[in-house]
Amino acid sequence: MSARRYRCTRCRAIVLVVPRGVVSRRHYAAAAIALALALYGWLGLPLPAVRRRVSPWRVMGTAAATGWATLVRWVRAARRGALLGCVRPCPQDFTLRQVAERAATTLSAFALPREAAAGPEAAAFHGGMRMA
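In the working numbering, the protein residues as written are 3 to 134.
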């Protein structure tokens, strides 16, 4: 990934510019995160199934058979309102799946109608791409 740094000549502050879709402090693009949230929260897939569909890594540890810690971290960040700016914080009594569903449906609202017509997965993916 290419990133460019710019320094303000007046205040000497440095700004980092990255490609669209890059989420701060995450190893996945916003579209992949949105897809994972939709698969888990909206479509109800188990964590290992979501990981198999979204993660580019094929070699996984023993913990991957029962869950996906990264997705759980994303959902907890979404609960706090710290994952993507357009997703509102959730009530504390929401389950992880409910939080993921809320985030996925919010992101899918940003997809174009032709993209949303392909289904919830595509809508969340394209909405996530637009919101990063």
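Ideal Cβ placement from N, Cα and C applies to all residues, glycine included.
The structure presented is a predicted model; accordingly, all values stated were derived computationally and were not measured.
Judged by beta-carbon spacing, residue 37 lies within the 7 Å limit of residue 56, meaning their Cβ atoms are closer than that value.
For residue 75, no beta strand (DSSP E) run applies; the uninterrupted alpha helix (DSSP H) run containing it begins and ends at 71–82, by DSSP. Where residue 7 is concerned, the enclosing beta strand (DSSP E) starts and stops at 6–9.
Note on residue 91: under 16 other CB atoms within 10 angstroms of its CB, so exposed under the neighbour-count rule. In the DSSP assignment, the residues bridged to residue 17 are 8.
Counting C-beta pairs with one atom in each stretch, the stretch 4–13 and the stretch 63–73 have fewer than three that are closer than 8 Å, which means they do not touch. Excluding the 5 residues flanking it on each side, residue 41 has same chain C-beta neighbours closer than 8 Å at 47, 51, 52, 55, 56 and 123, in chain order. If the five residues before and after residue 132 are omitted, its C-beta is found closer than 6 Å to the C-beta atoms of 112, all from its own chain and listed in chain order.
If you look at residue 125, you'll find it in the alpha helix (DSSP H) that goes 122–133. Distance between residue 87 and residue 33, taken at the CA atoms: about 14 Å.
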